Amino acid sequence: MPMVVPLCLAALTLGAPSWAVAVTPLFLLFGLCTALDHVFGRDHRNVSLEIVMGLEDDPYYRRLLFLVTGLFGLSLLLACWIVSSGVFGPLQSVLFGLGLGLIHAPLVLIGHELGHARSLRDRRMARVALGLIGYGHFSIEHNSGHHVHVATPRDPASARYGESLYRFAMREIPGVLMGALRAERARLARRGLVFWHLQNTILQSWLVTGLMALAILAAFGPAALAFYALICASVWFTISMANYTAHYGLARRMIDGRREPCRPEHSWNSSFFFSNLLFFNLQRHSDHHTNAQKPFQTLSDVDGAPELPSGYPGVFALMLVPPLWYAVIHPILMQAIDGDETRLNTGRQA
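Take the sequence shown: its letters are residues 0 to 349, numbered as in numbering that gives the first Met the number 0.
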């Protein structure tokens, strides 16, 4: 994924039409990646218990995340330089920026993975990864809010039955931000610290965003800074698409006045091989919610989880057209819950 921008630059250098290059990121994700998912097919294999411990401790996977974070940072700078050169017209720049938001969204997945880690070094790198695209509040709300309230009406990141992607994004994006600010304010207050203290992890990540923005402005000018802001906004919306997919319509029921525990049936999974490689096994989402600190390389394809009809690139394309999304997903959803409407998250449950 971080090599998409260098490839686009190479194509421009070789004389490729600017329009073709501008839509390349969108084509790669929605077109090529979706096609490759269905060429490679589903993969339900799991890591054997005999090698899980060794795989968890293998430093290769952490080094990979650190390396990819750096490459994504360079990719963002290179993209801003390309746009500042004037090679694209205004509409081409917008299409290119929207596509690069999809391509750079794995930075949030890296922040997601490292944000669950016990290591302080890993959590600091998570703030850097999230700061590169202005999403520094994510880890706080994800850990203290989403994992507690997942698949309930209280969770802004759990999509409700019949809720369109666009309505969900208008609820989820501010809801996650406000939830993170409340959680971090409360955490600091418990330590006797004010919100603006240097130990505020959200502000630490936003400092990375500010430094990135200043570097882009100084090096490439205001147009490049606006382009960087567009990429960040597109990343935010892409993560809304991932959140929309992960728990759409699924509810943890009230039993004896309490929410039932989060189980595999409360998360949508996708076992498609290629997109799981792209997204650090995020599509094995049920196992993540059962074992939040389990590293991505050992996540399992678990029984009992509803299965998406495609990998994330394919379902992202579906949900952009709500009637098409409903037509495909609602029959699968009703089958997954055995027609029991008490297991639907309609937003009205207590």
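Ideal Cβ placement from N, Cα and C applies to all residues, glycine included.
Model, not experiment: these values are computed from the prediction.
Give the C-beta separation of residue i and residue j to the nearest angstrom, bearing in mind that I take them to be a contact with Cβ-Cβ under 8 Å.
i                : j              : result
alanine 355      : isoleucine 139 : Only positions 0 to 349 of the chain appear in the structure, and residue 355 is not among them; the question remains open.
valine 22        : glycine 98     : 7 Å
serine 270       : histidine 288  : Contact flag wrong, Cβ pair sits at about 16 Å.
phenylalanine 95 : proline 24     : 7 Å
tyrosine 160     : asparagine 344 : 6 Å
valine 93        : leucine 229    : 7 Å
arginine 61      : aspartate 154  : About 29 Å separates the two Cβ atoms, so there is no contact after all.
threonine 33     : proline 312    : 5 Å
glutamate 171    : alanine 182    : At roughly 16 Å, the Cβ-Cβ gap does not stay under 8 Å, so glutamate 171 and alanine 182 are not in contact.
histidine 146    : alanine 291    : 6 Å
alanine 222      : histidine 284  : At roughly 38 Å, the Cβ-Cβ gap does not stay under 8 Å, so alanine 222 and histidine 284 are not in contact.
Please report how far the alpha carbon of residue i lies from the alpha carbon of residue j, in whole angstroms.
i                 : j                 : result
leucine 75        : arginine 117      : 28 Å
leucine 249       : alanine 10        : 44 Å
leucine 317       : serine 233        : 17 Å
asparagine 268    : isoleucine 336    : 14 Å
asparagine 199    : serine 143        : 15 Å
methionine 253    : valine 86         : 57 Å
glycine 350       : glycine 338       : Any answer about residue 350 is impossible in this case: the structure gives the chain only from 0 up to 349.
phenylalanine 73  : leucine 66        : Residue identity check: residue 73 is leucine in the sequence provided, not phenylalanine. Between leucine 73 and leucine 66, the C-alpha separation is close to 11 Å.
leucine 323       : leucine 307       : 14 Å
alanine 218       : alanine 19        : 26 Å
proline 294       : glutamate 55      : 6 Å
arginine 262      : valine 82         : 46 Å
glycine 209       : alanine 241       : 26 Å
threonine 68      : histidine 103     : 10 Å
alanine 185       : histidine 148     : 18 Å
glutamine 334     : glutamate 112     : 31 Å
proline 321       : phenylalanine 315 : 11 Å
serine 163        : alanine 150       : 16 Å
aspartate 302     : proline 89        : 48 Å
alanine 326       : proline 5         : 38 Å
threonine 12      : tryptophan 80     : 14 Å
glycine 14        : leucine 319       : 32 Å
glycine 53        : arginine 190      : 37 Å
isoleucine 328    : leucine 213       : 43 Å
phenylalanine 350 : asparagine 45     : Because the chain in this structure spans residues 0 to 349, residue 350 falls outside the shown range and cannot be described.
arginine 258      : glutamate 264     : 14 Å
cysteine 231      : leucine 119       : 26 Å
histidine 141     : aspartate 57      : 26 Å
Which residue wins for smallest C-alpha separation from residue i, given the options the options?
i                 : options                        : result
serine 350        : Cys7, Phe39, Val20             : In the structure as shown, the chain starts at 0 and stops at 349, and residue 350 therefore has no counterpart that could be examined.
glycine 114       : Phe137, His103, Ser239         : Phe137
arginine 123      : Ile201, Met211, Arg181         : Ile201
leucine 48        : Ser92, Leu298, Leu13, His148   : Leu298
arginine 41       : His329, Arg342, Asp300, His148 : Asp300
proline 360       : His37, Val46, Gln91, Arg44     : Past the edges of the chain, shown from 0 to 349, lies residue 360, and the structure says nothing about it.
phenylalanine 366 : Leu13, Leu35, Leu63            : The structure shown does not extend to residue 366, since the chain is modelled only from 0 through 349, so no value can be given for it.
phenylalanine 226 : Ser84, Leu108, Phe26           : Ser84
leucine 173       : Trp235, Arg190, Thr341, Ile328 : First, the amino acid is wrong: residue 173 is proline here, not leucine. Ranking Trp235, Arg190, Thr341, Ile328 by Cα distance to proline 173 puts Trp235 first.
leucine 31        : Asn45, Arg44, Val3             : Val3
isoleucine 109    : Met211, Leu281, Ile331         : Leu281
arginine 251      : Thr341, Trp205, Cys231         : Thr341
histidine 43      : Ile215, Leu332, Asp286         : Asp286
Report all residues from its chain with a CB closer than 6 Å to the CB of residue i; omit the five preceding and five following residues, and keep chain order.
i             : result
leucine 101   : Leu28, Thr237
leucine 106   : Phe71, Ala128, Leu131, Ile132
alanine 158   : Phe167, Tyr243, Tyr247
cysteine 7    : Val20, Thr23
proline 305   : Trp267, Ala335
tyrosine 59   : none
aspartate 255 : none
valine 207    : Val127, Gly130
Excluding the 5 residues flanking residue i on each side, which residues of the same chain have their C-beta closer than 8 Å to its C-beta?
i              : result
methionine 177 : none
leucine 187    : Val193, Phe194, His196, Gln198, Asn199
valine 51      : Thr297
arginine 347   : Pro152
aspartate 36   : Phe271, Phe272, Phe273, Ser274, Ser309, Gly310, Pro312, Gly313
serine 239     : Leu164, Phe167, Ala168, Glu171, Ile172
Going by DSSP, what residues sit across from residue i in a beta bridge?
i              : result
asparagine 268 : Glu306
leucine 365    : Residue 365 lies beyond the residue range present for the chain, which begins at 0 and ends at 349; the question has no answer from this structure.
isoleucine 254 : Arg257
arginine 181   : Partner(s): none; arginine 181 has no beta bridge.
arginine 41    : Phe271
CB-CB under 7 Å to residue i, same chain, minus the five flanking residues each way: which ones, in chain order?
i              : result
glutamine 203  : Arg126
tryptophan 353 : Nothing in the structure corresponds to residue 353, since the chain is present only between 0 and 349.
glycine 220    : Ser83
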